[in-house]
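S.K.:
Numbering (the numbering used here), first residue to last: 3 to 266.
Here you go:
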């Protein structure tokens, strides 16, 4: 039974973890007799779960994926802000699990600081982990993507990348860079049947928004027509779909998931 190897960066975060579970559940529904059907579930996934520092949350996740969904999950430490780390990560994944042909890039952090006080080091750190590592990971995957017609790349962006973010220019710029990268990669990899897309969430209940107090949450929700923060699982459901055979004609797109916030 052919298995697809998917690399998920930032897998210990809220959205990354949810993406791992979503891919695990999708593959768990695979039926070999349906493999040739267009509406079939994809073959089961083997998951490469990247983390930067703490592997403890991922050890429990890997056990859950194996027990409940028959998914082989490997843990891979990598600091994606370090030179050469992205290419080395892809190489280690290929050696341990097999060539990765699916990438969900969810790693990253936010910095809320007025641009006046944002240092060059701050800019470098955010651009490196969000945008430059995305390009490096995609570049390292190219040799794997050439050998399949089911390659998938999904970048987790942000509404801030399109709408801007007060006191968060470096974060918004780093996320915004993913839009141009996505379109360019979509054009370059289309010859192999690979699709490349960006998911741009608005407010989502993760550790990144965990510091929002009640007053800030209430103010934010007033700007969201649906009146709430999104759940990581809602972002992950879209990511899993974009990684499926059914999404094979969607590429080069930025899909906003913000509860209607961008409608004005």
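For every residue, glycine included, the Cβ atom is placed at its ideal position computed from N, Cα and C.
Less than 7 Å between the C-beta atoms of residue 202 and residue 159, yes or no?
M.R.: Position 200 of the chain shown, counted from the first residue, corresponds to residue 202. Position 157 of the chain shown, counted from the first residue, corresponds to residue 159. Contact: yes.
S.K.: Could you tell me the boundaries of the beta strand (DSSP E) in which residue 107 lies?
M.R.: As a working note, residue 107 is residue 105 in the chain shown. Segment 102 to 107, the beta strand (DSSP E) holding residue 107.
S.K.: With a threshold of 8 Å on Cβ separation, who are the neighbours of residue 207 within its own chain once the five nearest residues in sequence on each side are excluded?
M.R.: Taking the first residue of the chain shown as 1, we reach residue 207 at position 205. If we look at residue 207 and ignore the five residues flanking it on each side, its Cβ neighbours are 16, 231, 232, 233 and 234.
S.K.: Ends of the beta strand (DSSP E) at residue 79?
M.R.: Residue 79 sits at position 77 when you count from the first residue of the chain shown. Taken as a continuous stretch (DSSP letters only), the beta strand (DSSP E) holding residue 79 covers 75 to 79.
S.K.: Looking at C-alpha atoms only, which residue of 252, 254 and 225 is the closest neighbour of residue 260?
M.R.: Residue mapping note: residue 260 aligns to position 258 of the chain shown, counting from 1. Taking only the C-alpha atoms, the option nearest residue 260 is 225.
S.K.: Can you list, in chain order, the residues of its chain whose CB lies under 6 Å from that of residue 40, leaving out five sequence neighbours each side?
M.R.: Locating residue 40 in the chain shown gives position 38, counting from the first residue. A caution first: residue 40 carries a pLDDT of 45, below 50, which makes its placement in the model unreliable, though a value can still be read off. Once the five neighbours on either side are set aside, residue 40 has no close Cβ partner at all.
S.K.: Quick check on residue 226: does DSSP put it in helix, strand or coil?
M.R.: Locating residue 226 in the chain shown gives position 224, where the first residue counts as 1. Of the three classes helix, strand and coil, the one that applies to residue 226 here is coil, per DSSP.
S.K.: DSSP three-state call for residue 17: helix, strand or coil?
M.R.: Stepping through the chain shown from its first residue, residue 17 is reached at position 15. Three-state result, residue 17: helix.
S.K.: Which residue spans inside the segment 116 to 162 form an unbroken alpha helix (DSSP H) run of at least 4?
M.R.: Entirely contained in the segment 116 to 162, the alpha helix (DSSP H) runs reaching 4 residues are, in chain order, 122 to 129 and 135 to 147.
S.K.: Measure the Cβ-Cβ separation of residue 106 and residue 73 and say whether it is below 7 Å.
M.R.: Stepping through the chain shown from its first residue, residue 106 is reached at position 104. Stepping through the chain shown from its first residue, residue 73 is reached at position 71. The answer is no: Cβ separation not under 7 Å.
S.K.: Thinking residue 91 and residue 52 are a contact (beta carbons under 8 Å), I'd like their distance in whole angstroms, please.
M.R.: Looking up residue 91 in the chain shown gives position 89. Looking up residue 52 in the chain shown gives position 50. Their Cβ separation, rounded to whole angstroms, is 6 Å, which keeps residue 91 and residue 52 in contact under 8 Å.
S.K.: Could you tell me the distance, in whole angstroms, from the CA atom of residue 47 to the CA atom of residue 5?
M.R.: Taking the chain shown and counting its residues from 1, one reaches residue 47 at position 45. Taking the chain shown and counting its residues from 1, one reaches residue 5 at position 3. C-alpha separation (whole angstroms): 5 Å.
S.K.: Starting from residue 247 and walking both ways along the beta strand (DSSP E), at which residues does that stretch end?
M.R.: In the chain shown, the residue the question calls residue 247 occupies position 245. Here residue 247 belongs to no beta strand (DSSP E), and DSSP marks it neither H nor E.
S.K.: Would residue 221 be called buried (16 or more neighbouring beta carbons within 10 Å of its own) or exposed?
M.R.: For the purposes of this step, residue 221 is taken as the residue at position 219 of the chain shown. Exposed.
S.K.: Please state the DSSP three-state secondary structure of residue 33.
M.R.: In the chain shown, the residue the question calls residue 33 occupies position 31. Because the pLDDT of residue 33 is 46, which lies under 50, any placement of that residue in the model is unreliable, and the number read from its coordinates should be weighed accordingly. Three-state DSSP puts residue 33 in coil, outside helix and strand.
S.K.: Taking the C-alpha atoms as reference points, what is the distance between residue 142 and residue 11?
M.R.: Here residue 142 is taken as the residue at index 140 of the chain shown, counted from 1. Here residue 11 is taken as the residue at index 9 of the chain shown, counted from 1. Approximately 14 Å, taken between the alpha carbons.
S.K.: What residue does the alpha helix (DSSP H) around residue 59 start on, and which one ends it?
M.R.: Residue mapping note: residue 59 aligns to position 57 of the chain shown, counting from 1. Per DSSP, residue 59 belongs to the alpha helix (DSSP H) from 58 to 71.
S.K.: Which value, in whole angstroms, describes the spacing of the CA atoms of residue 69 and residue 88?
M.R.: Taking the first residue of the chain shown as 1, we reach residue 69 at position 67. Taking the first residue of the chain shown as 1, we reach residue 88 at position 86. Rounded to whole angstroms, residue 69 to residue 88 spans 29 Å at the Cα level.
S.K.: Do residue 223 and residue 200 have their C-beta atoms within less than 7 Å of each other?
M.R.: One-based indexing of the chain shown puts residue 223 at position 221. One-based indexing of the chain shown puts residue 200 at position 198. Against a cut-off of 7 Å, the Cβ pair of residue 200 and residue 223 comes out as no contact.
S.K.: Please report the distance separating the alpha-carbon of residue 175 from that of residue 18.
M.R.: Translated into positions along the chain shown, residue 175 becomes position 173. Translated into positions along the chain shown, residue 18 becomes position 16. Using only the alpha carbons, I get a separation of about 21 Å.
S.K.: What is the residue span of the beta strand (DSSP E) that residue 258 lies within?
M.R.: The residue you call residue 258 lines up with position 256 of the chain shown. Where residue 258 is concerned, the enclosing beta strand (DSSP E) stretches over 255 to 259.
S.K.: Can you tell me whether residue 211 is helix, strand or coil according to DSSP?
M.R.: Here residue 211 refers to the residue found at position 209 of the chain shown. Helix, per DSSP.
S.K.: Closest by CA to residue 130, which one among 84, 108 and 144?
M.R.: Here residue 130 refers to the residue found at position 128 when the chain shown is read from its first residue. Residue 130 has its Cα closest to that of 84, out of 84, 108 and 144.
S.K.: By the three-class DSSP mapping on this structure, what secondary structure does residue 26 have?
M.R.: Position 24 of the chain shown, counting from 1, holds the residue named residue 26. Three-state DSSP puts residue 26 in a helix.
S.K.: In chain order, what residues of the same chain lie with their CB nearer than 6 Å to the CB of residue 196, ignoring the 5 residues before and after it?
M.R.: Against the chain shown, residue 196 aligns to sequence position 194. Only 147 and 153 meet the Cβ criterion.
S.K.: Can you tell me where the alpha helix (DSSP H) holding residue 189 begins and where it ends?
M.R.: For this step, residue 189 is matched to residue 187 along the chain shown. Looking at the DSSP string, the run of the alpha helix (DSSP H) that includes residue 189 is 171 to 191.
S.K.: Is residue 198 near residue 150, with beta carbons less than 7 Å apart?
M.R.: Counted from its first residue, the chain shown places residue 198 at position 196. Counted from its first residue, the chain shown places residue 150 at position 148. It is not a contact, given that the beta carbons lie outside the stated cut-off.
S.K.: Closest by CA to residue 58, which one among 21, 237, 113 and 14?
M.R.: On the chain shown, residue 58 is found 56 positions in, with the first residue counted as 1. Selected option, being the one with the closest Cα: 14.
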